[in-house]
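Structure first, commentary second.
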Amino acid sequence: MVETQNYAMINQKPYKLIEKIKETPDVYTFRFEAADNSRLNFDPGMFVMLTYIDKETKEKITRAFSIASAPNSDTVDFYIHMVHGRLTSKLENAEVGDIYYMSGPYGQFKFSSNEDKKVLFIAGGTGIAPFMSMLNKIKNDSLGTDIVLLYSVRYSNEIIKKDELEKLEKEINLKTVVTVTRPQENDNWKGEKGHICQEMVEKCVGDITGRTAYICGPLQFVKAMKDMLVSMNVPLDRIKADVWG
Ligand SMILES: Cc1cc2nc3c(=O)[nH]c(=O)nc-3n(C[C@H](O)[C@H](O)[C@H](O)COP(=O)(O)OP(=O)(O)OC[C@H]3O[C@@H](n4cnc5c(N)ncnc54)[C@H](O)[C@@H]3O)c2cc1C
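One point on numbering: in my numbering, the residue at position 102 of the sequence shown is 292, and numbering is uninterrupted.
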């Protein structure tokens, strides 16, 4: 758990919400730009602390969010799951033009483009956010990284940025495999089904030797993926993880 109190007030700057895009039944892209039009300097994988301040009561709510947009982008984008908690309830009612506050960037979950030429990205749900930032960096900088992305969602209508991922597969050296853990009879899903397991990794990745794994998602997901990779003899220094618990 990130200690929000410690992060909240450092370098806090106002950002204007410029777009709110429904991606899936429960996830929205929140697109912000700095009120002073400056660009946020960050490495893909990092997060910021986003603060809501109630205009009347001055109540503050701060939570961490991974940056989904690429570095050098004019906007800062987040994919946020509406879990009806304290901050997400405010975001559900947020309107274009609203001001939120951000501090950061923070975090050690960064893509090491010089060292990691072959990678396995493992995302659970909105954990796809830092990987979208990394994939766009790989594209924009023509890094040529060999990428396999395993992306786990509960339902087939919960795939965030499906079209962009398909487009990226044609533009960079990316193979995306989406697995649906709760397939429905009428969803017409023809892809992988069930939780990511060793057998699925072996089928989709082939020989994992020499690949660095990056994992992002909820606590239990990250733990399960880490344990699986360790049992497959992936060295710990080749497993990088971002936990949202
Ligand atoms: C480094 C990091 C990066 C993150 N990046 C992202 C991201 O990119 N996208 C994203 O969506 N999230 C991300 N998170 C999670 C995010 O920070 C918040 O924890 C999340 O949005 C929930 O915040 P909240 O204030 O709405 O919920 P909280 O009020 O903090 O509640 C937490 C949980 O309790 C439940 N809850 C709250 N109130 C009640 C109640 N009355 N009864 C029952 N249950 C309740 C909520 O449903 C929620 O699941 C990240 C977290 C970390 C640490």
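We put the beta carbon where it would ideally sit given N, CA and C, even for glycine. Because the structure is a prediction, the values reported are computed rather than measured.
Residues of its chain near residue i, where Cβ-Cβ distance is below 6 Å and the 5 sequence neighbours each way are ignored
{"i": "Q202", "result": "Y291, S293"}
{"i": "Y205", "result": "F222, A224, Y290, M292"}
{"i": "T278", "result": "M272"}
{"i": "K308", "result": "D336, G400, R401"}
{"i": "C406", "result": "A313, G317, P320, D432"}
{"i": "I251", "result": "Y242, R276, L277"}
{"i": "K212", "result": "Y218"}
{"i": "L364", "result": "I337, L358"}
{"i": "D288", "result": "L207"}
{"i": "M434", "result": "Correcting the residue identity first, residue 434 is Trp in this sequence and not Met. Cβ neighbours of W434 beyond the five flanking positions: P408."}
{"i": "L333", "result": "S303"}
{"i": "I328", "result": "T335, I362"}
Buried versus exposed, by CB contacts within 10 Å (16 or more), residue i
{"i": "N326", "result": "buried"}
{"i": "E193", "result": "For E193, the predicted model reports a pLDDT of 45, less than 50, meaning its position is unreliable and no value from the coordinates is stated."}
{"i": "M191", "result": "In this predicted model, M191 has a pLDDT of only 43, less than 50, meaning its place in the structure is not dependable enough to derive any value."}
{"i": "E382", "result": "buried"}
{"i": "P425", "result": "exposed"}
{"i": "P215", "result": "exposed"}
{"i": "K416", "result": "buried"}
{"i": "D175", "result": "No statement about residue 175 is possible, as the shown extent of the chain runs from 191 to 435 and does not include it."}
{"i": "D306", "result": "buried"}
{"i": "S323", "result": "buried"}
{"i": "D267", "result": "buried"}
Same chain, Cβ closer than 8 Å to residue i, five either side skipped, listed in chain order
{"i": "H385", "result": "S342, T369, T371, A414"}
{"i": "D377", "result": "Y345, S346, N347, V370"}
{"i": "D331", "result": "S303"}
{"i": "M390", "result": "L340, V367, T369, E382, G384"}
{"i": "H274", "result": "E282"}
Extent of the continuous alpha helix (DSSP H) run through residue i
{"i": "D417", "result": "409–421"}
Bounding residues of the beta strand (DSSP E) (the contiguous stretch that carries residue i)
{"i": "R221", "result": "217–224"}
{"i": "P204", "result": "203–212"}
{"i": "D397", "result": "Counting along the chain, D397 falls outside any beta strand (DSSP E), and DSSP gives it neither H nor E."}
{"i": "K430", "result": "429–433"}
Any C-beta of chain B under 8 Å from that of residue i
{"i": "G317", "result": "Judged by its chain identifiers, the structure shown contains no chain B, having just a single protein chain."}
Nonlocal neighbours in the same chain, by C-beta distance under 7 Å from residue i, ignoring five residues either side
{"i": "T265", "result": "I208, R221, F222, E223, S259"}
Inside the segment 313–387 only - alpha helix (DSSP H) runs reaching at least 4 residues: The qualifying runs are 319–330, 352–361.
Chain-ordered list of residues that sit, by beta carbon, closer than 5 Å to a heavy atom of ligand 1: Those satisfying the condition are, in chain order, V192, F237, R253, A254, F255, S256, I270, H271, V273, G275, R276, L277, T278, T316, A319, W434.
Sequence ranges, alpha helix (DSSP H) only - wholly within the segment 237–295, length at least 4: Taking only runs of at least 4 residues, the alpha helix (DSSP H) segments lying wholly in the segment 237–295 are 276–282.
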